[in-house]
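J.: Mapping the sequence shown onto this note's numbering, position 243 (from 1) lands on 493, and the numbers just tick up by one.
Structure incoming, see below.
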Amino acid sequence: MAANVIACIDDSHYAESVCDGAAWAAQQLTAPLHLLHVLDYVHGAGEQNLSGTLGFGAQETLLEELASLDEKRAKIAMEQGKQLLVAAKARVSAAGLPEIETRQRHGELTDTLMDLEKETRLLVVGKRGAESASAHGHIGSHIEKIIRAMHKPILIVQPEFTAPKVLMIAYDGSATIRKGIEMIAASPLLKGCHCHLVMVGADLDANRESLKWADELLVKAGLTVESHIISGDPETALVEYQSQNNIELLVLGAYGHSRIRHFIVGSTTTAMICRCQTSMLILR
251 MAANVIACID
261 DSHYAESVCD
271 GAAWAAQQLT
281 APLHLLHVLD
291 YVHGAGEQNL
301 SGTLGFGAQE
311 TLLEELASLD
321 EKRAKIAMEQ
331 GKQLLVAAKA
341 RVSAAGLPEI
351 ETRQRHGELT
361 DTLMDLEKET
371 RLLVVGKRGA
381 ESASAHGHIG
391 SHIEKIIRAM
401 HKPILIVQPE
411 FTAPKVLMIA
421 YDGSATIRKG
431 IEMIAASPLL
441 KGCHCHLVMV
451 GADLDANRES
461 LKWADELLVK
471 AGLTVESHII
481 SGDPETALVE
491 YQSQNNIELL
501 VLGAYGHSRI
511 RHFIVGSTTT
521 AMICRCQTSM
531 LILR
């Protein structure tokens, strides 16, 4: 059964906010928290083809030295990962969580997460990882791959995370976001939050009726809701609305056929992840 909150820990400056977001989610869901650190396979210079550039004896000696260096790198990376997990566990333990497990895996991050998907209830990741943490206006190279591959909700956190009290759901009436509304209504994750239910489009009867359905379901689930239909380009209008209304968490669907979610991580969703200054919950 999918029961665990899984938090991806690395050595970027997002690690602390991942811990904070994961601790909040685990408390809200009353779920076990698993802290995960993934070590990429070491691909060092020892894999280069040096034939023809060195004499056989010199080449053999150099390859042995490079293999030894790769082994040392792997050991150092493993120890660093263990220390990261110890620090992460100490941070989330301060929140009073009763169940915390640490895991260290070798391999590619997305493949590892796919292996753990069946036991994942919610995945928590930083907007960028260690390799791209300073790349302003970009998202981490892993994020798009993870959203494409995973079929679980994903919480993408900014460098600082605070428990959200005000959230916005980007609603378009599609089957995907309607399923997402039902998920939110059935989950304790966002209970007690004030919800802005926002639809970008024409102010038509059909849109108002669809929005009303979502509004009523969320209110019945215990959220306070205000609904709005706004005009404009989705990626611009939604980001502006978020900024103007002090939204602390943006909720989006990952799939759909509307302009908001035309691609798996299409131009709009990618742009919003890049431009938004708030954490995001991606629903599947």
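Cβ atoms here follow ideal geometry from the backbone N, Cα and C, with glycine treated the same way.
On a predicted model such as this, the values are computed, not experimentally measured, just so you know.
Restricting to runs no shorter than 4 residues, where is the alpha helix (DSSP H) found entirely within the segment 443-500?
T.: Within the segment 443-500, the complete alpha helix (DSSP H) runs of at least 4 residues are 455-470, 484-494.
J.: For Pro414, does the count of other Cβ atoms within 10 angstroms reach 16, so buried, or fall short, so exposed?
T.: By the 10 Å Cβ count, Pro414 comes out buried.
J.: With Thr412 as the anchor, note down where its beta strand (DSSP E) starts and where it stops.
T.: Note, Thr412: premise wrong, no beta strand (DSSP E); not H, not E.
J.: Would you mind stating whether Leu405 and Ala435 have Cβ atoms separated by less than 8 Å?
T.: Their beta carbons are not under 8 Å apart, which means Leu405 does not touch Ala435 by this criterion.
J.: So, Leu502 versus Leu461, is the Cβ gap smaller than 8 Å?
T.: Cβ atoms of Leu502 and Leu461: not closer than 8 Å.
J.: Quick one: residues in its chain with C-beta nearer than 7 Å to the C-beta of Asp453, no 5 flanking neighbours on either side, listed in chain order?
T.: If we look at Asp453 and ignore the five residues flanking it on each side, its Cβ neighbours are Ile479.
J.: Which residues mark the beginning and the end of the alpha helix (DSSP H) in which Ile427 is found?
T.: Per DSSP, Ile427 belongs to the alpha helix (DSSP H) from 425-436.
J.: Return the CA-CA distance between Glu459 and Asp290, expressed in angstroms with no decimal places.
T.: Approximately 49 Å, taken between the alpha carbons.
J.: By DSSP, does Gln527 sit in helix, in strand, or in coil?
T.: Looking at Gln527 - three-state DSSP - the assignment turns out to be coil, as it is neither helix nor strand.
J.: Hey, how far is the Cα of Gln494 from the Cα of Ser529?
T.: So the two alpha carbons sit approximately 16 Å from each other.
J.: Roughly how many angstroms lie between the CA atoms of Glu476 and Val336, to the nearest whole one?
T.: Cα to Cα, the separation comes out at about 42 Å.
J.: Go through its chain and collect everything with a Cβ distance to Ala385's Cβ below 7 Å, but skip five positions before and after it.
T.: Any reading at Ala385 must be qualified, since the residue scores a pLDDT of 47, below 50, and its modelled position is unreliable; the value itself is stated next. So the qualifying residues of the chain are Arg378.
J.: Classify Gln492: buried if its beta carbon has 16 or more other beta carbons within 10 angstroms, exposed otherwise.
T.: Buried is the call here.
J.: I want to know whether the segment 305-325 touches the segment 257-269 - three or more CB-CB distances under 8 Å.
T.: Short answer: they don't touch.
J.: Near Ile497, which residues of its chain fall below 7 Å by C-beta distance, leaving aside the five closest residues on each side in sequence?
T.: Closer than 7 Å at Cβ, skipping near neighbours: Val416, Leu417, Met418, His446, Thr528.
J.: Helix, strand or coil for His263? Go by DSSP, reduced to three states.
T.: Coil at His263, not helix or strand.
J.: How far does the beta strand (DSSP E) with Thr370 in it extend, from its first residue to its last?
T.: Counting along the chain, the beta strand (DSSP E) containing Thr370 begins and ends at 370-376.
J.: For Gln330, is the classification buried or exposed, using 16 other Cβ atoms within 10 angstroms of its Cβ as the cut-off for buried?
T.: With fewer than 16 Cβ atoms within 10 Å of its Cβ, Gln330 is classed as exposed.
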